[in-house]
DNA sequence: TGACTCATGTCAGGATTCTGACATAGATTG
DNA sequence: CAATCTATGTCAGAATCCTGACATGAGTCA
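Residue numbers (the numbering used here), protein chains in the order written: chain E, 259 to 410; chain P, 259 to 410.
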């Protein structure tokens, strides 16, 4: 049924290909994360906290590409399960700095191994130079997209 | 608050960058599509039908990276609004081949212009050679990811 | 021919996410 | 110092999407 006969235009669209890669990567990550009782958003949140301790809810949301509201319910779950801690009262302003607990750090380690294996597999067909070039080009694309629609 | 001081590891992850580009691209597309009363999934569906007329619900779902169920409700809406047509009964098997109406084709044309402008902007900082190289590398990544987790 | 497998369309239910809105704290500006 | 603006955390509601399940039709194979 899936005859990719005529070379259609979508096959030449970088935007479509980007979505394809992103989708495949997410699927692969979910697969290796599921046995660990984790998903991509959870992992992203933990990884962000490991690299930048004390991040606020809003900052975590931006880093994981979800809304503040969604990240908040995730953080409540992570806090309830003992993976992260937040002070009961904001030390300054309304920002509640979040930190990983030893349990959270331990859980993240396993997940990081799994995720890294996926990324290694994804890049297995590319040389170091090709990886660097792709990285640079993707970064340029982001910059071009952002400068086009500056909100304020 | 957003001090990107220490060069953290996420800044070097191609997977994270991929998600960043994909997110920025989707946001940009939604922005230019909204004034036309359309969204990315709708556009993807119409574009797929323009390039491969007669596609089934399941095939459209795979092409737009959603489930059959989600695509079905979208198709019902598109059919109700007169953008696509489906035979009342399946000519063969259970597959209902979907086709664009003149109205659907007309609506797609405007959307295509808008979307293409976004893609052009995204690629404005890259030479033809760099675009081709990125395309080739992304395709390799997909292949590597897929061969890792072959279902059956 | 009959059993088996696979894919499709569809229904119901639940889970997840987002949009909209509010009060509050800090920064900015006159 | 007072007014304004921006950003944060949070609440409620709605919209979206997915998971699970079912019956049906086509292809395969003994």
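C-beta atoms are modelled at their ideal positions from N, C-alpha and C, and glycine is treated no differently.
**Request:** Look up residue 344/P in the DSSP assignment and say whether it is helix, strand or coil.
**Result:** Residue numbering aside, residue 344/P sits at position 86 when the second chain is read from its first letter. In this structure, residue 344/P counts as coil in the three-state DSSP scheme.
**Request:** Please decide whether residue 334/P counts as near chain E, where near means a Cβ-Cβ distance under 8 Å.
**Result:** Looking up residue 334/P in the second chain gives position 76. No - not a single Cβ of chain E is within 8 Å of the one on residue 334/P.
**Request:** Can you give me the Cβ contacts of residue 263/P inside the same chain, cut-off strictly under 8 Å, excluding the 5 residues immediately before and after it?
**Result:** As a first step, residue 263/P must be located in the second chain, where it is residue number 5. Since pLDDT at residue 263/P reaches only 34, below the 50 mark, its modelled position is unreliable, and the value read off the structure follows with that caveat. Taken in chain order, the list of residues that qualify is empty.
**Asked** When burial is assigned at 16 or more other CB atoms within 10 Å of the CB, is residue 386/E buried or exposed?
**Response** As a working note, residue 386/E is residue 128 in the first chain. Under this definition residue 386/E is an exposed residue.
**Prompt:** Measuring CB to CB, does residue 290/E end up less than 8 Å from residue 350/E?
**Reply:** The sequence position of residue 290/E within the first chain is 32, counting from 1. The sequence position of residue 350/E within the first chain is 92, counting from 1. Judged by beta-carbon spacing, residue 350/E lies beyond the 8 Å limit of residue 290/E, meaning their Cβ atoms are not closer than that value.
**Message:** Restricting to Cα atoms, I'd like to know which of 401/P, 405/P, 404/P and 396/P is closest to residue 275/P.
**Reply:** Residue mapping note: residue 275/P aligns to position 17 of the second chain, counting from 1. The shortest Cα separation from residue 275/P among 401/P, 405/P, 404/P and 396/P belongs to 396/P.
**Message:** Is residue 281/P near the ligand ADP - that is, is its Cβ less than 7 Å away from at least one heavy atom of it?
**Reply:** For the ligand ADP, the structure offers nothing, since it holds no ligand at all.
**Message:** Give me the residue from 321/E, 287/E, 316/E and 361/E with the minimum Cα distance to residue 355/E.
**Reply:** In the first chain, the residue the question calls residue 355/E occupies position 97. Here the closest residue by C-alpha is 316/E.
**Message:** Using beta carbons (cut-off 8 Å, strictly below), is residue 399/E in contact with chain P?
**Reply:** As a position in the first chain, residue 399/E is number 141, starting the count at 1. Yes, contact with chain P.
**Item:** Three-state class that DSSP yields for residue 354/E in the structure shown
**Value:** In the first chain, residue 354/E corresponds to position 96, counting from 1. The three-state reading of DSSP puts residue 354/E in coil, since its state is none of H, G, I, E or B.
**Request:** Examine the Cβ distances between the region 369-384 of chain E and the region 289-304 of chain E and report whether three or more of them are shorter than 8 Å.
**Result:** Touching, yes.
**Message:** Would residue 398/P and residue 384/E qualify as a contact pair, given that the criterion is a beta-carbon distance under 8 Å?
**Reply:** Working through the second chain from its first residue, we reach residue 398/P at position 140. Working through the first chain from its first residue, we reach residue 384/E at position 126. With contacts defined as CB atoms closer than 8 Å, residue 398/P and residue 384/E qualify as a contacting pair.
**Message:** Give me the chain P residues within the contact set of residue 380/E, using Cβ-Cβ distance strictly less than 8 Å, ordered along the chain.
**Reply:** Taking the first chain and counting its residues from 1, the one referred to as residue 380/E is at position 122. Per Cβ cutoff of 8 Å: 272, 273, 399, 402 and 403.
**Asked** Whose C-alpha, out of 284/P, 352/P and 280/P, is nearest the C-alpha of residue 313/P?
**Response** Mapped onto the second chain, residue 313/P falls at position 55. Distance check between residue 313/P and each of 284/P, 352/P and 280/P places 352/P closest, using alpha-carbon atoms only.
**Request:** With a floor of 4 residues, list each alpha helix (DSSP H) that falls wholly inside the region 267-313 of chain P, ordered by position along the chain.
**Result:** For the region 267-313 of chain P, whole alpha helix (DSSP H) runs of length 4 or above, ordered along the chain, are 272-291 and 298-309.
**Message:** Which of the three DSSP states is assigned to residue 401/P in this structure?
**Reply:** Sequence index remark: in the second chain, residue 401/P carries index 143 (1-based). Looking at residue 401/P - three-state DSSP - the assignment turns out to be helix.
**Prompt:** So residue 342/P packs on residue 325/P, CB below 8 Å; how close in whole Å?
**Reply:** Taking the first residue of the second chain as position 1, residue 342/P is located at position 84. Taking the first residue of the second chain as position 1, residue 325/P is located at position 67. Contact doesn't hold; Cβ gap of about 18 Å is too wide.
**Request:** Report the neighbours of residue 278/E on chain P: residues whose CB is nearer than 7 Å to its CB, in chain order.
**Result:** Taking the first residue of the first chain as position 1, residue 278/E is located at position 20. Those are 400, listed as they occur along chain P.
**Cβ of residue 281/P within 8 Å of any chain E Cβ** = Position 23 of the second chain holds residue 281/P. At least one chain E Cβ lies under 8 Å of residue 281/P.
**Message:** Just verifying my parser: in three-state terms, what is the DSSP assignment at residue 388/E?
**Reply:** Translated into positions along the first chain, residue 388/E becomes position 130. DSSP, reduced to helix, strand and coil, places residue 388/E within a helical segment of the structure shown.
**Burial state of residue 328/E, where buried means 16 or more other Cβ atoms lie within 10 Å** = Sequence index remark: in the first chain, residue 328/E carries index 70 (1-based). Counting Cβ neighbours within 10 Å, residue 328/E comes out exposed, since fewer than 16 surround it.
**Prompt:** In whole angstroms, what separates the C-alpha of residue 323/P from that of residue 339/E?
**Reply:** To locate residue 323/P, count along the second chain from 1; it is residue 65. To locate residue 339/E, count along the first chain from 1; it is residue 81. Answer to the nearest angstrom: the Cα atoms are 32 Å apart.
**Opening and closing residue of the alpha helix (DSSP H) in which residue 381/E lies** = By one-based count along the first chain, residue 381/E stands at place 123. Element bounds for residue 381/E: n/a, residue is neither H nor E.
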